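In full-length UniProt numbering, the protein residues as written are 1 to 78.
From the three backbone atoms N, C-alpha and C, an ideal C-beta is built for every residue, glycine too.
In this text the structure is predicted, and so the values were computed from the model without any measurement.
Structure (structure tokens):
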């Protein structure tokens with residue numbers, strides 16, 4: 001469905017900034033890895049060789065989905 005936002009699990013507030021892949025085809029926002037020197041996702045995607053950039057959540061949230069990995073914005077794995 002277009003225009004339907006995803007709920008963020010309780011205890012997982014949206015930060016002011018998030019990271020996204022620099023690819024023009026990227027459609028997912030990730031929580032930033034607090035231990036990384038450069039913008040990297042908090043989830044296992046951080047091990048990829050892709051370049052990431054930090055972006056303001058409010059500007060990108062309406063057009064991108066949130067990563068559903070528990071380390072980013074998802075709940076428990078089923």
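Between residue 39 and residue 31, the gap from beta carbon to beta carbon reaches 8 Å or more. With respect to the 8 Å criterion, residue 29 and residue 52 are not classified as neighbours on the basis of their beta carbons.
In terms of Cα proximity to residue 21, the closest of 62, 34, 50 is 50. Non-local beta-carbon contacts of residue 15 in its own chain, meaning distances under 8 Å to residues more than five positions away in sequence, involve 31, 32, 57 in chain order. Judged by their CB atoms, residue 19 and residue 41 are nearer to each other than the 8 Å cut-off. DSSP places residue 64 outside any alpha helix (DSSP H), giving it a letter other than H or E. In the DSSP assignment, residue 28 falls within the unbroken beta strand (DSSP E) covering 28-30. Spatial neighbours of residue 46 in its own chain (CB-CB distance under 6 Å, excluding positions within 5 residues in sequence) are listed in chain order as 33, 40.
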